[in-house]
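Residue numbers (this note's numbering), protein chains in the order written: chain A, 1 to 113; chain B, 1 to 112.
Reading through the structure tokens given below for one structure.
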Amino acid sequence: SQTIHQWPATLVQPVGSPLSLECTVEGTSNPNLYWYRQAAGRGLQLLFYSVGIGQISSEVPQNLSASRPQDRQFILSSKKLLLSDSGFYLCAWSAFSPNQPQHFGDGTRLSIL
Amino acid sequence: GESVGLHLPTLSVQEGDNSIINCAYSNSASDYFIWYKQESGKGPQFIIDIRSNMDKRQGQRVTVLLNKTVKHLSLQIAATQPGDSAVYFCAERDSTLGRLYFGRGTQLTVWP
Chain A
1 SQTIHQWPAT LVQPVGSPLS LECTVEGTSN PNLYWYRQAA GRGLQLLFYS
51 VGIGQISSEV PQNLSASRPQ DRQFILSSKK LLLSDSGFYL CAWSAFSPNQ
101 PQHFGDGTRL SIL
Chain B
1 GESVGLHLPT LSVQEGDNSI INCAYSNSAS DYFIWYKQES GKGPQFIIDI
51 RSNMDKRQGQ RVTVLLNKTV KHLSLQIAAT QPGDSAVYFC AERDSTLGRL
101 YFGRGTQLTV WP
């Protein structure tokens, strides 16, 4: 069966520090991969998605970037964190074919001090 | 912006009763819909999905109904249990853009 792993589960970082959140998927090949941010009491905001290695689409302009160095690895990064980057970050995967659900990891709670 | 919304942000039910969570959407190009359950501190968990060529789909204790005429989606949970307490999200897929849009969520609380 397929599984998705995100780490770390929680992270506290100072303003201006770099960020690297990692997500890996097991049990499937060529998945679509996604990074979302979820604000408290709000829906999910899509940040980035990827349909293949090295292919990244950005949904909103921001202080973050994403990379996909391997088929089942998706990384969310920042060179200098802002206070507004605090939030709950979720990685998800879906099968390459259309009309397939996205499956989420358990997220990273990021707090910027 | 999001085109998926919810009629009620919170829903409280007694254990054993049936729960109905509603969702409205406005995009005529949406062709696929999903319900997710999110427990505190965890990621959303897939519950059930339905394609636009269907009106109803049933799973274990859950039923999703789709009314395309009024652009309304509902999730019915039979014999609600305390473990069902969570935030429930609906999501719609835009067939032209190929991406999902998520609603804000409904907090379901089950009382013993």
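All C-beta atoms, glycine included, are put in the ideal place defined by N, C-alpha and C.
Chain B has a Cβ within less than 8 Å of the Cβ of A:N99. According to DSSP, residue pairing for A:T28 in a beta bridge does not occur. 8 Å or more divides the Cβ of B:L100 from the Cβ of B:W35. Taken in chain order, the members of the region 21–34 of chain B whose beta-carbon sits within less than 8 Å of a beta-carbon on chain A are D31, Y32 and I34. For A:G105, the closest Cβ of chain B is nearer than 8 Å.
Here A:P8 is exposed, its C-beta having fewer than 16 other C-beta atoms within 10 Å. Around the Cβ of A:S78, a 10 Å sphere holds 16 or more other Cβ atoms; the residue is buried. The C-beta separation of B:I77 from B:S19 comes to about 4 Å, placing the pair in contact by the 8 Å criterion. Per DSSP, the continuous beta strand (DSSP E) segment holding B:L75 begins and ends at H72 to I77. Taking a cut-off of 8 Å for Cβ pairs, the region 60–73 of chain A and the region 59–74 of chain B do not touch, as fewer than three such pairs fall below it. Annotated as distal: B:R104 and A:G16, with beta-carbon spacing of 8 Å or more. A residue is called buried when at least 16 other Cβ atoms come within 10 angstroms of its Cβ; B:E92 meets this threshold and is buried. Among the residues facing chain A, B:K71 is not included, as its CB has no counterpart in that chain under 8 Å away. At least one beta carbon of chain B lies nearer than 8 Å to the beta carbon of A:G43. By alpha-carbon distance to A:N99, the top candidate from B:R51, B:Q107 and B:C23 is B:R51.
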